[in-house]
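Residue numbers (our numbering): 137 to 341.
Even for Gly, the Cβ is constructed at its ideal location relative to N, Cα and C.
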């Protein structure tokens, strides 16, 4: 069991906005830890320091709370990724791993088969990959009907998410010892940067 899951309940929240924010923050943490199916409304409320009836008062039920939690995580990741990207369209390779709660929650959501929750960020315009491909299409840098570009783009996205989730296992499976880990990460960044370059570059050849 992780140290985070053993964290003590928060001090009781006061005021309607504070209660709502505390519930969303608590749900976001639990979403990353256990996923949407196993998430308990009572547990979320206890960790937020409020009565579980407040979930129904502010959200109407578990589903709306899950949506609010995923929205919070996606919006925070979107803001941080945009900051990391700076003047570039795409954030630095492998930087997704810096947003631990976000990518863990996304993995949990996908493993639970909750595609509606997973695509919330796309529907609400706070998806980093969708922003990139939309900008490329708007600027005419890639054609709408080029399936190779979309295949490369999907590969780049899943490589980043997969590395964030399975880095330790991947290095272990490849027989990488501790002293070579940093060098492997550096080379992987170069490989991924090349995949991203291919995904955002189109030629008519």
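Between the CA atoms of residue j and residue i - distance to the nearest angstrom
i: residue 257; j: residue 210; result: 6 Å
i: residue 226; j: residue 199; result: 32 Å
i: residue 180; j: residue 281; result: 44 Å
i: residue 228; j: residue 253; result: 26 Å
i: residue 325; j: residue 272; result: 22 Å
i: residue 164; j: residue 196; result: 17 Å
i: residue 172; j: residue 154; result: 23 Å
i: residue 299; j: residue 312; result: 15 Å
i: residue 235; j: residue 322; result: 19 Å
i: residue 207; j: residue 269; result: 20 Å
i: residue 204; j: residue 320; result: 37 Å
i: residue 232; j: residue 223; result: 17 Å
i: residue 219; j: residue 175; result: 31 Å
i: residue 237; j: residue 315; result: 28 Å
i: residue 266; j: residue 330; result: 19 Å
Other residues of its chain near residue i: CB distance less than 7 Å, five sequence neighbours each side excluded
i: residue 309; result: none
Distance between beta carbons of residue j and residue i, contact taken as under 8 Å
i: residue 167; j: residue 186; result: With 8 Å as the limit, residue 167 and residue 186 do not qualify as a contact, their Cβ atoms being about 17 Å apart.
i: residue 152; j: residue 183; result: In fact, because the Cβ distance is near 19 Å, the residues do not count as touching under 8 Å.
i: residue 230; j: residue 296; result: 7 Å
i: residue 201; j: residue 191; result: 6 Å
i: residue 307; j: residue 317; result: 6 Å
Check whether residue i and residue j have beta carbons under 7 Å apart
i: residue 170; j: residue 188; result: no
i: residue 264; j: residue 305; result: no
i: residue 156; j: residue 194; result: yes
i: residue 332; j: residue 292; result: yes
i: residue 335; j: residue 243; result: no
Per-residue DSSP class, three states only, for residue i
i: residue 316; result: helix
i: residue 225; result: coil
i: residue 180; result: helix
i: residue 321; result: helix
i: residue 230; result: coil
i: residue 304; result: helix
i: residue 189; result: helix
Contact set for residue i: own chain, Cβ-Cβ below 6 Å, skip 5 residues either direction
i: residue 262; result: 210, 211 and 214
i: residue 290; result: none
i: residue 248; result: 171, 172 and 173
i: residue 294; result: none
Near the ligand MN: residue i beta-carbon under 6 Å from a heavy atom
i: residue 159; result: This structure simply doesn't include the ligand MN, nor any ligand for that matter.
Cutoff 8 Å; reference residue i; Cβ partners in own chain excluding five residues on either side
i: residue 221; result: 227 and 228
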